[in-house]
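Protein chains in written order, with UniProt numbering: chain A, 1 to 105; chain B, 1 to 525; chain C, 1 to 380.
Every residue gets a Cβ at the ideal spot worked out from N, C-alpha and C, and that includes glycine.
Here the structure comes first, spelled out in structure tokens, and everything after it is commentary.
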Amino acid sequence: MSVIDRSVDIGGFVPQPDDDMLICRCEEITKGEIRKAVHAGMWTMTEIRRYLRTGMGLCQGQTCSRLVKGIVARELGVSPAELEPATARSPMRPTEMKVLGKEVS
Amino acid sequence: MDRYEVIVVGAGPSGLSAAIEAAKRGLNVIVFDENDKPGGQLFKQIHKFFGSKEHHAKIRGFHIGEELLAEAAEVGVEVVLGATVIGLYSDKEVSVRIGEEIKHYKGDTVIVATGAAENMVTFPGWTLPGVIGAGAAQTMMNIHGIQPGKKILMLGSGNVGLVVSFQLLQAGCEVVALVDAAPKIGGYGVHAAKVARCGVPFYLSHTIKEAHGTDQLTGVTINEVDEKFRPIEGTEKYFEVDTICMAVGLSPMSQLLKMAGCEMEDNPKRGGQVPIVDEYGETSVSGVFAAGDVSGIEEASSAMIEGKMAGVCVCGYLGYITDEEKDAELLKLEKDLESLRQGMFAPKNRGKLIEKTEEGIDISMNLLKKGYVADDEIERFPGVVHKVGVHPVMECTQNIPCNPCQDACSKGCISIGNNITCLPFIKEDSNCINCGMCVASCSGQAIFLVDEDCGDGTATVTLPYEFLPLPEVGDKGYGLSRNGEKICDAEIVSVKSVKAFDHTNLVTMKVPKEYAMKARFFKCS
Amino acid sequence: MENKNKADVVVVGGGIIGCATAYYLSKRGKSVIVLEASENIGNGGSSRNGGGVRQSGRDPRELPLAMYGIKELWPELSKELGVDCEYHKDGNLRLGKNEKHKEILQGLTDRAVACGLDVRMIDADEIKEINPYLSDEVTCASWCPTDGHANPMVTTLAFYKKAREQGVRFITGEKVTRLRKIKGKLREVYTEENLYEGDYVVVAAGYESREILETVGVDVPMHQELCECLVTEAEPHMFDQMLGTAEADFYGHQSDHGSFVFGGMSGLELNNKNTGPKNSPSNASITSPCICRGIMKYFPALANAKIVRTWAGYLDICQDGVPVLGFVNEVPGLVVACAFSGHGFGIAPAVGEQLARLIIDGATTVDISGLRYGRFKAKI
């Protein structure tokens with residue numbers, strides 16, 4: 001893990017024509033919102049999802065995590081591979097409370 | 001808690017292969033799969049596979065799935081379907097949702113073979129209903145028998161994009177364009193050629209600018225991109241479509257491994273977030289293995305071998321075979337894997353522009369850009385020869401590890417030489433008996449039987465045909481060129497469908513003799 | 001040459017306490033550097049809690065901070081930070097089903113009332129009026145109408161965002177290894193690669209504070225318990241209260257987004273293994289099912305709500321269950337803020353604001369003397 005000074009200048013937010021394009025479909029987060037969050041200081045995938053809820057919906061980022069990562073990386077001027085993906089957590093598929101609560105041996 | 005010696009997550013090609021290897025040596029194995037049917041993606045694969053006999057070459061994917069299931073049953077693998085592994089925890093514990101309950105299992109070893117998920121790319125309108133993954137389209141067609149749409153644009157020219165485009169045509173859909181931002185086609189040339197000769201236009205160095213529609217997709221605009229993938233203004237083309245299929249790559253579904261604490265890496269060459277594994281798939285967590293696409297995107301044939309490797313490794317891990325036995329088995333499997341990973345499309349060649357074949361022949365640039373070999377390029381390939389009487393013309397122009405054609409000919413006419421990736425050629429003084437086995441056995445549908453001069457100013461061309469309804473003898477229509485253009489009149493003179501052809505019908509058309517080396521498909525008038 | 005790693009205050013720990021303290025210090029003109037060991041701001045308990053902003057159920061020693069925060073800071077916080085922290089002041093119901101529960105709840109209520117908090121016991125009818133979705137088996141509850149909840153992840157990041165805008169330097173991936181006194185006063189903060197200097201050093205690094213503080217001979221008696229939370233898909237709006245139970249089966253609320261966020265325990269927390277990657281503790285297979293059963297006992301209506309995600313996080317539990325806060329007499333220049341014992345989120349703004357006062361004015365306006373470091377004694 002590298003030491004990152006969050007006060008380093010990454011330039012200002014510059015509007016783009018496709019900023020209103022949806023990226024995270026489950027939570028309806030747009031490209032512009034993601035880019036703005038980077039400029040607000042959200043520099044990791046984990047911070048982005050906690051701040052905006054990207055990848056927090058029903059599909060848990062199956063579709064959008066790669067897309068979000070690309071947008072964040074471009075905004076920060078780093079390679080997407082440098083960004084640690086958010087943690088994987090159970091349940092791998094949305095599970096009703098009554099099912100998750102019913103353990104059988 | 002129930003304990004198994006081996007818990008396999010995923011009953012696709014690699015998971016089943018792993019389970020079989022372990023179960024046949026006496027280990028007790030359980031396989032969980034969230035789907036109601038086993039086989040993973042295999043049952044969607046209605047095309048014939050490439051490779052050699054060991055790789056199930058010339059067998060259709062769903063038949064390979066059936067074979068694997070039969071073998072798994074025979075050696076006592078317990079496959080639990082509709083069983084979603086919702087978590088993989090420390091001490092190799094899995095939590096599985098089965099029906100309306102959760103059950104925890106412990107494994108002495110765990111093999112994760114969860115495969116991959118489809119990637120998406122974004123453009124304005126990408127979230128409109130009608131924009132779907134190519135894999136989803138395949139499921140609709142090949143599992144559920146539903147047309148994904150009527151007029152379709154395919155984005156992505158890798159093997160998935162090409163194969164699914166062909167299947168869409170088979171399902172009766174119109175494929176209006178095949179688009180890729182890359183400057184050259186990513187998949188096998190033979191797959192592209194099958195699609196091109198049906199008349200589908202290829203737009204390389206193009207990407208989707210915008211999908212149109214309010215409640216659902218009604219059309220799409222594409223534009224050309226420069227070498228840095230920036231759109232070139234004024235190159236827009238509009239297509240009326242109800243469906244866009246995206247075949248823009250796969251990402252490993254490796255979340256369970258990450259959850260289990262396996263060391264991961266982001267490796268673009270393997271398709272994304274993958275576990276760090278040794279050469280046989282063991283992760284950083286002792287006894288947890290990864291096999292198939294989850295540890296790096298390849299295809300079903302290599303997934304099966306990786307599965308076998310993991311299966312052999314757990315046998316060694318749990319003391320069922322000695323280290324020597326394990327090493328000997330792994331050596332064999334490595335050779336199989338190595339032979340698959342050869343040729344122009346080998347993982348090591350990804351992204352490289354290969355301009356010559358192993359034989360030193362210039363690759364058809366038209367094939368890479370338009371999807372078909374141009375008339376003036378085709379003659380330079382060794383499978384394309386002129387002879388008196390009926391003889392095979394093999395339009396196989398790229399080095400792919402594949403050799404069923406060689407075994408198909410009982411007369412020994414065809415050879416691919418020393419290396420499985422070599423281009424096939426016709427042996428001197430061979431004697432073709434027009435049986436058609438080579439045509440039906442070529443997974444790339446690249447072999448034609450041609451009689452260049454029937455003596456009456458006509459020629460006959462026998463071509464592989466996998467569309468319904470089949471033409472009938474006497475049907476009149478057109479001969480289509482390699483890019484699907486009507487170039488001559490044609491009449492069907494023979495239609496053969498025998499069991500050995502496995503649904504690749506042989507249709508023979510009579511064309512004017514000057515079109516013997518140009519007409520490669522038939523269209524009824 | 002001026003050392004750019006020098007500031008009025010160095011804060012160790014980029015959780016909500018560190019971020020809030022940095023925010024209030026910078027608001028009053030102080031230069032601040034925040035050092036966070038992990039790669040994420042708010043990586044620990046700050047982002048791994050149920051979001052309670054409660055006064056009820058608190059120990060009298062920390063209750064004044066909770067009451068102050070809810071009265072003075074939380075109502076305007078979203079506006080002040082420019083981010084919707086999803087704060088709700090719609091009350092807290094602590095639920096019970098039997099006489100034993102009632103006794104527990106009555107005890108908590110009596111102690112809070114003695115401290116001047118508006119909290120009272122209510123009966124089944126009144127409970128139904130406040131929240132009609134609860135099981136009929138719920139027969140008693142304590143009710144504190146001024147309690148509430150907020151979004152902990154967003155609130156933490158909002159403090160960070162605003163502090164960063166005010167010029168606070170946040171450095172992530174910067175693990176502190178040692179503190180050092182210079183001429184009798186704490187001044188230097190060493191990390192693996194760098195040295196930072198401040199007139200004051202605030203140590204707000206959760207459980208990791210313990211080993212950092214040890215380098216200047218300060219030991220906070222605390223331990224960790226690995227607990228879990230879960231979140232459902234978005235559901236139609238049902239209620240706005242924060243919920244808990246007498247036996248702590250679960251706690252949580254419905255968020256503005258519609259999802260339910262609940263935390264709870266399996267009973268094995270003291271010994272739960274963590275095999276997760278660094279900075280992200282792993283779940284145990286049996287905890288979330290247990291939380292689900294706990295919720296359904298009180299909330300049968302949620303049986304079909306789908307859980308989309310669970311997560312695990314450590315509680316840094318102090319020997320006596322309340323945080324250690326403030327100056328340490330033996331080490332001038334040191335400010336300790338740790339061992340929040342699983343209920344730090346709700347008081348975080350107040351802690352940050354009061355620590356800024358402590359550093360700048362030399363004293364807090366809220367009595368935090370009961371939370372001082374020197375309070376631990378043997379039992380006989």
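**Item:** Residue nearest to Pro424/B in terms of C-alpha spacing, selected from Lys496/B, Ala192/B, Glu324/B and Ile400/B
**Value:** Among Lys496/B, Ala192/B, Glu324/B and Ile400/B, the Cα nearest to that of Pro424/B belongs to Ile400/B.
**Message:** Taking 6 Å as the limit between beta carbons, can you name the residues of its chain near Met1/C, skipping five residues before and five after?
**Reply:** Because Met1/C carries a pLDDT of 43, less than 50, the predicted location of this residue cannot be relied on, and no value is offered for it.
**Message:** Is Glu93/B close to chain C? Criterion is C-beta to C-beta, closer than 8 Å.
**Reply:** It does: the Cβ of Glu93/B has a partner Cβ on chain C nearer than 8 Å.
**Prompt:** Under 7 Å Cβ-Cβ, which residues of chain B neighbour Ser285/C?
**Reply:** In chain order: Gly87, Tyr89, Glu93, Ser95 and His104.
**Prompt:** Asn40/C versus chain A: which residues are under 7 Å apart at the beta carbon?
**Reply:** Those are Thr44, Thr46 and Glu47, listed as they occur along chain A.
**Prompt:** Which residues in the same chain as Phe250/C place their Cβ atom closer than 6 Å to its Cβ, once the five residues preceding and following it in sequence are excluded?
**Reply:** Closer than 6 Å at Cβ, skipping near neighbours: Phe262, Gly264, Ile291, Gly294 and Ile295.
**Item:** Per DSSP, the bridge partner or partners of Ala22/B
**Value:** Answer by DSSP bridge pairing: none, since Ala22/B is not bridged.
**Item:** Candidates Phe32/B, Glu210/B, Leu463/B and Val190/B: closest to Pro17/A by CA position
**Value:** The option with the nearest alpha carbon to Pro17/A is Glu210/B.
**Request:** Go ahead and pull the three-state DSSP assignment for Arg180/C.
**Result:** The DSSP-derived three-state label of Arg180/C is strand.
**Prompt:** Can you tell me where the beta strand (DSSP E) with Arg120/C in it begins and where it stops?
**Reply:** Its beta strand (DSSP E) spans residues Arg120 to Asp123.
**Request:** Sort out for me which residues DSSP pairs Asp5/A with in a bridge.
**Result:** Answer is Ile171/C, bridged to Asp5/A.
**Asked** Leaving out the 5 sequence neighbours to the left and right, which residues in its chain are closer than 7 Å to Ile368/C when beta-carbon positions are compared?
**Response** Taking C-beta separations shorter than 7 Å and ignoring five residues to either side along the sequence, the partners of Ile368/C in its chain run Leu65, Leu325, Gly326 and Gln354, following chain order.
**Message:** Measuring alpha carbon to alpha carbon, tell me which residue in Glu282/B, Gln255/B and Gly271/B is nearest Pro277/C.
**Reply:** Nearest C-alpha to Pro277/C: Gln255/B.
**Three-state class that DSSP yields for Ala72/B in the structure shown** = For Ala72/B, the three-state secondary structure derived from DSSP is helix.
**Boundaries of the beta strand (DSSP E) in which Cys24/A is found, first to last residue** = Residue range Leu22 to Cys24 is occupied by the beta strand (DSSP E) that includes Cys24/A.
**3 or more residues per run - each beta strand (DSSP E) lying fully within the segment 181–221 of chain B** = Fully enclosed beta strand (DSSP E) runs of 3 or longer: 202–204 and 206–212.
**Request:** Quick one: list the residues of chain C neighbouring Gly261/B, beta-carbon separation under 7 Å, in chain order.
**Result:** The answer, in chain order, is Thr275, Gly276, Pro277 and Ser282.
**Asked** Which one or two residues does DSSP pair with Ala254/C in a beta bridge?
**Response** A small correction: the amino acid at residue 254/C is Gln; Ala does not occupy that position in the sequence shown. As a beta-bridge residue in DSSP terms, Gln254/C pairs with Phe260/C.
**Request:** Output yes or no for whether 8 Å exceeds the beta carbon distance between Ile152/B and Cys173/B.
**Result:** Yes, Cβ-Cβ distance for Ile152/B and Cys173/B is below 8 Å.
**Prompt:** Which residues in the same chain as Arg25/B place their Cβ atom closer than 7 Å to its Cβ, once the five residues preceding and following it in sequence are excluded?
**Reply:** If we look at Arg25/B and ignore the five residues flanking it on each side, its Cβ neighbours are Cys315, Tyr320 and Ile321.
**Message:** One question on the structure: do Asn40/C and Gly313/C come within less than 8 Å of each other, judged by their Cβ atoms?
**Reply:** For Asn40/C and Gly313/C, no; Cβs fall outside 8 Å.
**Message:** Below 8 Å on the Cβ atoms is my contact criterion, and I expect Pro85/A with Gln273/B to pass it. Report the Cβ-Cβ distance as a whole number of Å.
**Reply:** Correct: roughly 5 Å between the Cβ atoms.
**Asked** Does the beta carbon of Asn131/C come closer than 8 Å to any beta carbon on chain A?
**Response** No, Asn131/C lies away from the interface with chain A (no Cβ there is under 8 Å from its Cβ).
**Prompt:** Nearest CA to the CA of Thr46/A: which residue from Val335/C, Gly370/C, Phe299/C and Trp311/C?
**Reply:** Closest by alpha carbon: Trp311/C.
**Request:** Rounded to whole angstroms, what's the CA-CA distance from Ala500/B to Asp180/B? Just pull it up for me.
**Result:** Taking the straight line joining both Cα atoms gives about 36 Å.
**Message:** Measuring only the C-alpha atoms, how far is Gly412/B from Asn267/B?
**Reply:** Near 45 Å, if we compare the C-alpha coordinates of Asn267/B and Gly412/B.
**Item:** Rounded straight-line distance, which links the Cα of Lys523/B to that of Lys36/A
**Value:** When rounded, the separation of the alpha-carbon atoms in Lys36/A and Lys523/B is 55 Å.
**Item:** Residues near Lys58/B in its chain [Cβ-Cβ closer than 6 Å; skip 5 each side]
**Value:** Cβ within range, chain order: Lys48, Pro404, Ser441 and Ser443.
**Request:** With 8 Å as the threshold, decide whether the Cβ of Pro289/C is near any Cβ in chain B.
**Result:** Answer yes: the Cβ-Cβ gap between Pro289/C and chain B drops below 8 Å somewhere.
**Prompt:** So, Val110/B versus Gly287/B, is the Cβ gap smaller than 8 Å?
**Reply:** Yes, these two residues count as a Cβ contact at 8 Å.
**Request:** With a floor of 3 residues, list each beta strand (DSSP E) that falls wholly inside the segment 240–307 of chain B, ordered by position along the chain.
**Result:** Runs found: 243–246, 250–252, 264–267, 272–275 and 288–290.
**Asked** Is DSSP giving Asp320/C helix, strand or coil here?
**Response** Shown here, Asp320/C sits in coil according to DSSP, grouped into three states, outside any helix or strand.
**Asked** Which residue from Ile70/C, Gly14/C, Glu36/C and Arg28/C puts its Cα closest to that of Val366/C?
**Response** Shortest Cα-Cα distance from Val366/C to any of Ile70/C, Gly14/C, Glu36/C and Arg28/C involves Ile70/C.
**Message:** Taking DSSP's pairing of strands, which residues face Phe32/B in a bridge?
**Reply:** Note: Phe32/B is bridge-paired with Val9/B and Val80/B in the DSSP secondary-structure output.
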